[in-house]
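Since the structure comes first, as structure tokens, the remarks are kept for the end.
In the working numbering, the protein residues as written are 1154 to 1260.
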């Protein structure tokens, strides 16, 4: 459960930070959007280090699947772009991959 919470927090920090920088550079929002976005992106990197999995590569690969789902939800909730069936199918495939990478029995 802790792993899932950390993935969600990291995802919100990364997507939120990227979104703030997007608003600053692409939509002309004030410079503080960019600064705040940069801080959020740095926090994303810190949050991910709290995962208990021993492998950096495995944690970041698994996080990628979580990031995809969070990105769909962010786009739906914040940008009002409803994901279609194929977006959801792709997201579920990614989450299955995350589960295999993180929780498959290993020696």
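Ideal Cβ placement from N, Cα and C applies to all residues, glycine included.
Euclidean distance between Cα positions of residue i and residue j
i: residue 1162; j: residue 1197; result: 8 Å
i: residue 1194; j: residue 1178; result: 15 Å
i: residue 1173; j: residue 1260; result: 42 Å
i: residue 1192; j: residue 1170; result: 7 Å
i: residue 1270; j: residue 1241; result: Here the chain covers residues 1154 to 1260 and nothing more, so residue 1270 does not appear.
i: residue 1212; j: residue 1185; result: 31 Å
i: residue 1207; j: residue 1176; result: 36 Å
i: residue 1183; j: residue 1236; result: 29 Å
i: residue 1246; j: residue 1228; result: 19 Å
Range covered by the alpha helix (DSSP H) that runs through residue i
i: residue 1240; result: 1238-1256
i: residue 1202; result: No alpha helix (DSSP H) contains residue 1202, which DSSP labels as neither H nor E.
i: residue 1181; result: Per DSSP, residue 1181 belongs to no alpha helix (DSSP H) and is neither H nor E.
i: residue 1224; result: 1209-1230
Residue i burial status per 10 Å Cβ neighbour count (16 or more: buried)
i: residue 1160; result: buried
i: residue 1257; result: exposed
i: residue 1168; result: buried
i: residue 1181; result: exposed
Cβ pair residue i, residue j closer than 8 Å
i: residue 1225; j: residue 1164; result: no
Across the stretch 1242-1258 and the stretch 1214-1223, are there enough close Cβ pairs to call them in contact, namely three or more that are closer than 8 Å?
As far as the Cβ criterion goes, the stretch 1242-1258 touches the stretch 1214-1223, which means the pair count is three or higher.
Would you call the stretch 1198-1212 and the stretch 1230-1238 in contact, with 3 or more CB pairs under 8 Å?
Short answer: they don't touch.
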